[in-house]
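Peer 1: Counting in this note's numbering, the sequence shown runs from 580 upward without gaps.
Note that CB positions come from ideal geometry on N, CA and C, so glycine has one too.
Computed from a predicted structure; not experimentally measured.
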Amino acid sequence: MEKNFNRYKWITLIAFAFMYNFVYLGRFSVNNMMQYIAGDINITAHQQDIVTASVFASYALGSLINGYLADRFGAKKMIVTGGVATSVLNMCISIQHDWSALLLINILNGYFQSMIWVGGINILSKWWVEGERGKGVGIANFFSGMSHTVAYIFPVMVVSLWPQFGWRGAFIVPIAVLMLFVILFAVFAKEKPENAGLEPYEGKVDRHVRRETRFRRVMDEGKMPWKYLFWKTNFIWWCFIAMLSSICRYGLINWIPQYYDNGSGDGLLSESFSNLTLPVGMAFGTLIVTWIAGTKMFNNKGLVVIAMAAISCTLVAMFPMIDDTQSILIGIFFTGFALYGINGILWVHAIDQGCRVFSGSAAGVLNAFAYFGAFLESFIFPEVLKIFNNYLSVFIVMEIMCLMMIVCGMVVSKKNTIIVPEVRE
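Written out as structure tokens, the structure is:
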């Protein structure tokens, strides 16, 4: 029985992770292809900014809603619905000639995209027990990090190979690949052990068992989990950690290339090198940090947040002082490593707090704050640059964000915090 459980557990994880490796093709192709789209359908710089930010706003709102819907009506249905819908919407983008239609489709796309990750966390919660779930979540989030690289390379490759299709081809061929992996996920993944004729695992931590029992009563009574989650002050602090880490993460993705390509970096680094190095660092950071922090080796995940935020803070402060390409690439890699390591811990925490009953809801709240942070980033750093007219100011603001994360990590690391070992010896 245990052998079958482990087999289905890994099949489900691999099916979800490989599918998610291509999900960002449907989320960020508009952003990555914007220069081509703008030249073709004649949209202004202001309109470009609105379209780019719209996917973050709708994704944030969608996460809040769809996390609960995944818990209530079935996570696998939500994932497949989100995957199919985002594929169709991206193909619709390929035939657009109007800015307002592009904006509307991008907003809808963000909403349906939000179904996928929160649904995945719900499924992972049902297969990965305490003491092991850091491994499962870390592997899934590894492919989330690599998805940034896929989303950058694949559309550019399509445009290069088939220039006759222009930017529109980037919304057809890559999306067909995403659709293939959505189908494979639908065929092979099992939402929960019961769907494979297996018994659910038994919780190892008494407080989690008690919390899960209480949440099952809440679910059976038809109540929503929000007040039970936000009743815990530390959960709110984790929401701020999610938001701040996302502001810094997307700030690095968007502004590091600009700084070293055409800002004050004197052309030391091309945009392509940065866009490939940072996501790879993110992927390995979340794999290693989440895997370790999600086991009994660490008594307090808040301490991991402090350590990773401190590393990010140090590296961000060093960037303006680095003047050789190799050191820049190493710095970018390890900044991504540290920031996305924090991101991975969020989802282990979501499962701990929502248990198997409301893990999607907890992940939805954290994801909503994370993508609200990404939305804010779209406006914060451009305004900072406009006010001070100096790229150094962008690094200073990012440094402040990292320091704020350290403070949040200290708060959730207090004695008797809700962040405690998953397994006690």
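Would you kindly work out how many angstroms separate the C-alpha atoms of Val539 and Ile762, rounded to a whole number?
Peer 2: As displayed, the chain neither begins before 580 nor continues past 1004, which places residue 539 out of reach and without an answer.
Peer 1: Between which residues of its own chain and Gln692 is the CB-CB distance below 8 Å, once the five residues before and five after are set aside?
Peer 2: What you label residue 692 is simply residue 113 of the sequence shown in a count that begins at 1. So the list reads Val602, Gly605, Arg606, Val634, Tyr638, Gly641, Gly661, Thr665, once near-sequence residues are dropped.
Peer 1: DSSP state of Met876, grouped into three classes?
Peer 2: Translated into the one-based positions of the sequence shown, residue 876 becomes position 297. Note that Met876 has pLDDT 49, beneath the 50 cutoff, so the model's placement of it is unreliable and the number below is only indicative. Per DSSP, reduced to three states, the secondary structure at Met876 is coil, with no helix or strand assignment.
Peer 1: Quick one, are the C-beta atoms of Ile674 and Asn688 less than 9 Å apart?
Peer 2: Within the sequence shown, numbered from 1, the residue matching residue 674 stands at position 95. Within the sequence shown, numbered from 1, the residue matching residue 688 stands at position 109. Going by C-beta atoms, Ile674 is not nearer than 9 Å to Asn688.
Peer 1: Using 9 Å as the limit for Cβ to Cβ distance, is Leu640 near chain C?
Peer 2: Included in the structure is just one protein chain, with no chain C present.
Peer 1: Roughly how many angstroms separate the alpha carbons of Ala594 and Ile702, rounded to a whole number?
Peer 2: Counting from one through the sequence shown, the residue named residue 594 turns up at place 15. Counting from one through the sequence shown, the residue named residue 702 turns up at place 123. Each residue's Cα considered, the two are about 12 Å apart.
Peer 1: Pull up the CB-CB distance for Phe819 and Cys987, whole angstroms please, since I reckon it's below 8 Å.
Peer 2: Locating residue 819 in the sequence shown gives position 240, where the first residue counts as 1. Locating residue 987 in the sequence shown gives position 408, where the first residue counts as 1. Confirmed, about 5 Å.
Peer 1: Return helix, strand or coil for Met900, following the three-state DSSP convention.
Peer 2: Mapped onto the sequence shown, residue 900 falls at position 321. Reduced to three states, the DSSP call for Met900 is helix.
Peer 1: Can you check which of these residues, Val697, Gly618, Tyr615, Phe597, is closest to Ser940 by C-alpha distance?
Peer 2: For this step, residue 940 is matched to residue 361 along the sequence shown. Nearest in C-alpha terms to Ser940, of all of Val697, Gly618, Tyr615, Phe597, is Val697.
Peer 1: Might you give, ordered along the chain, the residues of its own chain that have their beta carbon closer than 7 Å to the beta carbon of Ala596, omitting 5 neighbours on each side?
Peer 2: Here the question's residue 596 lines up with position 17 in the sequence shown. So the qualifying residues of the chain are Ile718, Ala719, Phe722.
Peer 1: Can you find the residues in the same chain that come closer than 6 Å, C-beta to C-beta, to Tyr615, ignoring five residues on each side of it along the sequence?
Peer 2: Taking the sequence shown and counting its residues from 1, the one referred to as residue 615 is at position 36. Within the same chain, Trp746 come within 6 Å of Tyr615 by CB-CB distance, once the 5 residues on both sides are set aside.
Peer 1: Do Gly864 and Gly724 have their beta-carbon atoms positioned less than 9 Å apart in this structure?
Peer 2: Taking the sequence shown and counting its residues from 1, the one referred to as residue 724 is at position 145. Taking the sequence shown and counting its residues from 1, the one referred to as residue 864 is at position 285. Yes, these two residues count as a Cβ contact at 9 Å.
Peer 1: Which same chain residues, not among the five before or five after Ala889, have their C-beta less than 7 Å away from its C-beta?
Peer 2: Along the sequence shown, read from residue 1 onward, the residue named residue 889 stands at position 310. Taken in chain order, the residues that qualify are Ile985.
Peer 1: Can you look up Asp931 in the DSSP assignment and give me helix, strand or coil?
Peer 2: Locating residue 931 in the sequence shown gives position 352, counting from the first residue. Residue state, collapsed to three classes: helix.
Peer 1: Where does Tyr599 fall in DSSP's three states?
Peer 2: Your numbering for residue 599 matches position 20 in the sequence shown. Three-state DSSP puts Tyr599 in a helix.
Peer 1: With respect to the alpha helix (DSSP H) encompassing Lys655, which residues constitute its N-terminal and C-terminal limits?
Peer 2: Along the sequence shown, one-based indexing puts residue 655 at 76. Taken as a continuous stretch (DSSP letters only), the alpha helix (DSSP H) holding Lys655 covers 654-672.
Peer 1: So Asn720 is in the alpha helix (DSSP H); what residue range does that whole segment cover?
Peer 2: Residue numbering aside, residue 720 sits at position 141 when the sequence shown is read from its first letter. Unbroken alpha helix (DSSP H) run through Asn720: 712-740.
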